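Counting in our numbering, the sequence shown runs from 17 upward without gaps. Glycine included, each C-beta is placed from N, C-alpha and C at the ideal position. Computed from a predicted model, the values in this text were never measured in an experiment. Reading through the structure tokens given below for one structure.
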Amino acid sequence: MSEELFKKIVSHAKTYGFVYPSSEVYDGLSAVYDYGPYGVELKNNIKSYWWKSMVQLHHDIVGLDAAIFMHPKTWKASGHVDAFNDPLIDNKDSKKRYRADVLVEDHIAKIEAKIDKEVAKAEKRFGESFDKEQFITTNTRVVEYYAEIKRINERMTNALSSGQLEDLKALIEELEIADPVSGSKNWTDVRQFNLMFSTQLGNIAGDEGKLYLRPETAQGIFVNFL
């Protein structure tokens with residue numbers, strides 16, 4: 017979908033009451049919307065259709081609506097507390113935030129595109145006699161590309177598994193990865209961001225009262241049907 021078409025759809029949805037920017041009277045909240053009159057009806061129609069097709073039409077399926085808050089041990093046991101994180105990095109010039117591993121993966125994709133280009137050129141040159149497997153294992157340039165991909169993947173995996181995020185930043189800098197928007201290579205340190213929304217239960221803030229908004233609906237099923 018083009019950006020222009022997407023903007024038209026959003027504009028239509030706002031104009032005809034499908035969605036409204038949340039807290040618009042106070043300048044709104046980025047990426048947060050309230051459902052308008054038509055939006056509410058559309059949402060309820062989808063929910064009703066889904067509920068009927070997935071639950072009511074099956075004799076062996078029943079419903080469960082778990083609480084939005086669950087004991088924090090639930091998320092510790094499921095691995096969310098320790099592993100539900102993304103390594104994020106900010107560009108100091110564009111102020112854009114990215115997943116550091118995705119930036120590296122996009123760089124790898126560019127190397128893979130170079131390999132595909134070499135293969136396509138060779139296939140065009142040799143025609144029906146072209147042996148792709150032999151070419152990618154013997155062509156010097158392609159072999160070097162594959163070795164580079166392997167080296168980058170291994171280094172990124174080691175950095176993420178060991179928690180050495182400074183090495184992940186160093187890898188980004190060594191590969192001269194630029195901001196896709198601005199082209200700037202001025203990066204902050206890589207930091208782990210927990211993707212769960214935390215809140216407090218009770219009047220006093222502290223780790224003992226820390227809860228998370230449910231990040232995964234399936235956990236409610238698991239703890240109720242042991």
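For Lys226, the secondary structure class from DSSP, reduced to helix, strand or coil, is strand. In the DSSP assignment, the residues bridged to Phe85 are Leu229. Judged by their CB atoms, Arg157 and Glu134 are nearer to each other than the 8 Å cut-off.
Phe238 carries a helical assignment under DSSP once its states are collapsed to helix, strand and coil. Taken through DSSP and simplified to helix, strand or coil, Pro196 comes out as coil. By the beta-carbon neighbour count (other beta carbons within 10 angstroms, threshold 16), Asn61 is exposed. By the Cβ neighbour-count rule, Val206 is buried, with 16 or more other Cβ atoms within 10 Å of its own. Taking C-beta separations shorter than 8 Å and ignoring five residues to either side along the sequence, the partners of Pro53 in its chain run Gly33, following chain order. If you draw a straight line from the Cα of Asp76 to the Cα of Ile237, it comes to about 15 Å. Only residues of its own chain outside the window of five on either side were considered, and among them Pro37, Ser38 and Ser39 have a CB closer than 8 Å to the CB of Leu45, listed in chain order. In the DSSP assignment, Ile105 forms a beta bridge with Tyr114.
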